[in-house]
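> Residue numbers (this note's numbering): 567 to 1033.
No residue lacks a Cβ here, since even glycine has one placed at the ideal position from N, Cα and C.
In structure tokens:
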């Protein structure tokens, strides 16, 4: 993979598992000196990695009152702001970058502290749907510095997997198509194929050398980030094939109406899904921006009417230690445990199987994605686990794409060149496979107890959802 020269400054906010893991990739594939990079963070985590590479490390969190005063002297036109933080508003940073002519990338749309869990806000306003609408309102006509938002593994990489999966299904069903060049053509392709649902189906089997202890939250990636999104309402893009809202389902009273939310935390709602190595399993319906942006992107309209849209949602089974941590968290009424442990060096085995399951088409269901093991991740890049490398390689790809396309304004992963992103990220993703299955959410159902399911359409959300 060719390198790209970057003469400006790179300011990175946050240095958790993703910040530490992306640094060696940036220095490997972008021609930039450590003296051009500054890290601003809210804790000491990652200081040793920054010191290893000779990078300035500032342990002082940005706040709503001081972020402009502190960042403005550090950034000039053409520089890059890489936001890998929690509790720093993404929309505030994008506005600042637009004012300064600075490029920008983040892996999710973050609010200021409390934005995910403030009980004075309605569940609708604590949603990723609301955060995305707020971000998209910042778009302006004409050229503007590129701000690539929500471009990690998921959201991010999975949007590119969806496009490749659609092309693979078209080829395997004998549908001759050119690679679509715009949103209209992509959405029409999904509709012609008959894709009803898209699961972002992920199973993390990584295990550590030390078991989870009582009053401890353990995970393979950002614990603050995971708990924050797990406490948001469960959200999903809502497809045109669905017959009725769930009993606790709600529509938003603003925006494009591409998604719904449930009146419960995402970490309390399970759904049925499938991956090739694991087979069928229950995942958590954690809210993610891709559930909304993919459903919106693949919407087909006729005049003011929506005639096609897939149901899209995340179905996540984290590492087993994190599942235990979630059960304990729920039992504490969603109050964080007193201790946190991020597993990186202590991981002794396992795979992060991350992909997209497209179902309802002529060949049943098709999973396409990455099956990256911890062993291969460590061989490919330092300071990474299988989970983090799927994110950091896509962050790297997004940075390079933004440098190559510096005047695109605010863009989402669904709107950019999926082939260029996969070209850069794929060498770090381990086996990337596509597998068909005849599994549906009705497989094996109703044996022990009768269930209220619709056997005429196995892919309705009522059949996928685990009450």
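Would you mind reading off the limits of the beta strand (DSSP E) that contains residue 649?
Segment 646 to 649, the beta strand (DSSP E) holding residue 649.
> Leaving out five residues on either side along the sequence, give the residues of the same chain with a beta carbon under 8 Å from the beta carbon of residue 788.
Taken in chain order, the residues that qualify are 582, 583, 584, 652 and 908.
> Which residue from 643, 676, 650 and 673 puts its Cα closest to that of residue 663?
Residue 663 has its Cα closest to that of 643, out of 643, 676, 650 and 673.
> Answer with buried or exposed for residue 630, where buried requires no fewer than 16 other C-beta atoms within 10 angstroms of its C-beta.
Its Cβ having fewer than 16 others within 10 Å, residue 630 is exposed.
> Can you name, in chain order, every residue of its own chain whose Cβ lies under 7 Å from the Cβ of residue 723, other than the five neighbours on each side?
So the list reads 956, 960 and 991, once near-sequence residues are dropped.
> With a threshold of 8 Å, are at least 3 pairs of Cβ atoms found where one atom belongs to the segment 1011 to 1021 and the other to the segment 928 to 946?
Flag = no, the segment 1011 to 1021 and the segment 928 to 946 do not touch.
> Pick from 1009, 569 and 733: whose alpha carbon is nearest that of residue 845?
Ranking the options by Cα distance to residue 845, first place goes to 1009.
> Tell me whether the segment 864 to 873 and the segment 831 to 848 touch, counting them as touching only if at least three CB pairs, one residue from each stretch, are closer than 8 Å.
Short answer: they don't touch.
> For the pair the segment 698 to 713 and the segment 656 to 673, tell me if three or more CB-CB distances fall below 8 Å.
They touch, by the three-pair rule.
> Quick one: which unbroken beta strand (DSSP E) runs of 3-plus residues sit fully inside the segment 613 to 688? Chain order, please.
For the segment 613 to 688, whole beta strand (DSSP E) runs of length 3 or above, ordered along the chain, are 622 to 625, 646 to 649 and 669 to 672.
> Using only the alpha-carbon positions, how far apart do residue 753 and residue 863 sit?
Distance between the alpha carbons of residue 753 and residue 863: 7 Å.
> Could you work out which residue in 966, 872 and 972 is closest to residue 569 when comparing CA atoms only?
Closest by alpha carbon: 966.
> Here's the rule I'm using: 16 or more other beta-carbon atoms within 10 Å means buried, otherwise exposed. How should residue 1032 be labelled?
Residue 1032 should be labelled exposed.
> Report the three-state DSSP secondary structure of residue 918 (helix, strand or coil).
Of the three classes helix, strand and coil, the one that applies to residue 918 here is strand, per DSSP.
> Specify whether the segment 793 to 800 and the segment 821 to 833 touch according to this definition: at least 3 beta carbon pairs, one from each stretch, less than 8 Å apart.
The answer is yes - the segment 821 to 833 touches the segment 793 to 800, with three or more Cβ pairs under 8 Å.
> Excluding the five sequence neighbours on either side, which residues of its own chain have a C-beta within less than 6 Å of the C-beta of residue 757, listed in chain order?
These residues qualify, in order along the chain: 866 and 874.
> Using DSSP with H/G/I as helix, E/B as strand and the rest coil, what is residue 715?
Residue state, collapsed to three classes: coil.
> What first and last residue would you give for the beta strand (DSSP E) that runs through residue 883?
Its beta strand (DSSP E) spans residues 877 to 883.
> Quick check on residue 777: buried or exposed, where buried means 16 or more other Cβ atoms within 10 Å of its Cβ?
Exposed, because fewer than 16 other Cβ atoms sit within 10 Å of the Cβ of residue 777.
> Got a sec, what are the start and stop residues for the alpha helix (DSSP H) residue 891 sits in?
That run of the alpha helix (DSSP H) goes 886 to 897.
> So residue 920 packs on residue 720, CB below 8 Å; how close in whole Å?
At roughly 7 Å, the Cβ-Cβ gap stays under 8 Å, so residue 920 and residue 720 are in contact.
> State buried or exposed for residue 751, treating a residue as buried only when at least 16 other CB atoms are found within 10 Å of its CB.
When all chains shown are included, residue 751 counts as exposed.
> For the beta strand (DSSP E) containing residue 1002, name the first residue and the last one.
Residue 1002 -> beta strand (DSSP E) spans 998 to 1003.
> Look at the alpha carbon of residue 661 and the alpha carbon of residue 704, and state the distance between them as a whole number of angstroms.
Rounded to the nearest angstrom, the two C-alpha atoms are 8 Å apart.
> Nearest by alpha-carbon distance to residue 603: which of 609, 611, 617 and 610 is it?
With distances taken between Cα atoms, residue 603 lies closest to 617.
> Run through DSSP, which three-state label would residue 938 get?
In this structure, residue 938 counts as strand in the three-state DSSP scheme.
> From this set, 606, 727 and 1022, which residue's C-alpha is nearest residue 989's C-alpha?
Closest option to residue 989, Cα to Cα, is 727.
> Going by CA-CA distance only, name the one from 595, 615 and 699 that's closest to residue 587.
It is 615 whose Cα lies nearest to the Cα of residue 587.
> Helix or strand or just coil, what does DSSP make of residue 800?
In the structure shown, residue 800 sits in a strand (DSSP, three-state: E or B).
> Look at the alpha carbon of residue 731 and the alpha carbon of residue 648, and state the distance between them as a whole number of angstroms.
Straight-line Cα distance between these residues: approximately 29 Å.
> So which of 860, 887, 795 and 760 has the shortest CA-CA distance to residue 782?
When only C-alpha atoms are compared, the closest one is 887.
> When the Cα atoms are used, what is the spatial distance from residue 905 to residue 913?
Their Cα atoms are separated by approximately 18 Å.
> Is it true that the CB of residue 841 sits closer than 8 Å to the CB of residue 933?
Yes, Cβ-Cβ distance for residue 933 and residue 841 is below 8 Å.
> Using DSSP's beta-bridge definition, name the partner residues of residue 874.
Partner(s): 866.
> Rounded to whole angstroms, how far is the Cβ of residue 880 from the Cβ of residue 766, which I believe are closer than 8 Å?
Contact holds; Cβ gap of about 5 Å.
> Grab me the residues of residue 772's own chain with a C-beta within less than 8 Å of its C-beta, minus the 5 sequence neighbours each way, in chain order.
Hits under 8 Å: 786, 885, 909, 913, 915, 916, 917, 918, 940, 951, 952 and 953.
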